[in-house]
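Below: the structure, in structure tokens.
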Amino acid sequence: MSSEVDPRLASALAAQLRAWRASLAGGAQRVGWKLGMGDRERIGAGPVIGQLTTATLLPPGATFRTAGITALHADAEVALELAQDVGADADSDAARAAIGGYGAALELVDLGPVAGGPEGIVATNVFHRAVAFAPKSCAQMPARATGRLVVVGGVRDSAPARVDYGELVRSVAVILGHAGERLRAGDRLITGSVVQVPVAAGDEVVADLGPLGSVGVSLT
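My numbering applies: residue 928 is where the sequence shown begins, and numbers increase by one.
Here is the structure:
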């Protein structure tokens, strides 16, 4: 991704960040960011981003209420935690070096209709409803890792995870820099679905990333 940010993404993200700042002012705490990599939310050539706060953070093993969600899906994702700030002028190598650990995350998203196309999706935080992180992490990304979603005890889907996240971290830093924000040490990033499946109330869902750990929630 270049240092330019599509004006449509900039406008949609500005709306999202206004809601984020209001949530922080209301007592939520900053957790980090999510990457949106799908076709529905795409604006320009690179990923889009969403914000994560404690308002939607679930502890491992928590119960999540599905009321009001029209198209609930679970994502198994690689999670990163930054050990250093990353500025908008960082290159991929510097962004990669800033990653302090890798782990597993389970994100719950609502893929139901969103008014306003990709801009509306970004403005309303890229389908995000909740996230849980595995309690363990690895200092280095394994050379091979597979993401699995286990639903009610059976593997619903699996796929290999990417192994190099430096450019993705750099792209987030660029987008945030354009919006007057920056990646900070301690931020957690969830990096897009390795696998994604529909889920429903009554399901027990686990995101298993092998050596990166696993994390599950119950849906009610």
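For each residue, glycine too, the CB sits at the ideal point set by N, CA and C. Just so you know, these numbers come straight off a predicted model, no measurement behind them.
> Would you call the CB atoms of residue 1070 and residue 1122 closer than 8 Å?
Replying inline: no
>> Quick check on this structure: which residue in 1073, 1043 and 1049 has the alpha carbon closest to the alpha carbon of residue 1030?
In response: Among 1073, 1043 and 1049, the Cα nearest to that of residue 1030 belongs to 1073.
> Can you find at least 3 beta carbon pairs, one from the region 943-960 and one from the region 980-987, that sit closer than 8 Å?
Replying inline: yes
> Between residue 1025 and residue 1060, which are expected to be in contact by the criterion C-beta below 8 Å, what is the C-beta distance as a whole number of angstroms?
Replying inline: In fact, because the Cβ distance is near 18 Å, the residues do not count as touching under 8 Å.
> Taking the DSSP output, what are the residues bridged to residue 1117?
Replying inline: 961 and 1006
>> Cutting at 8 Å between CB atoms, please list the residues of its own chain near residue 1103, excluding the five before and the five after it.
In response: 960, 976, 1015, 1109 and 1110
> Which class does residue 1056 belong to by DSSP, given the choice of helix, strand or coil?
Replying inline: Here residue 1056 carries a strand assignment [DSSP, helix/strand/coil].
>> Bridge partners for residue 1029 per DSSP, in chain order?
In response: 1007 and 1065
> Measuring CB to CB, does residue 970 end up less than 8 Å from residue 939?
Replying inline: yes
> By Cβ distance, which residues of its chain are closer than 6 Å to residue 1083, with the 5 residues on each side in sequence left out?
Replying inline: Around residue 1083: 1076 and 1124.
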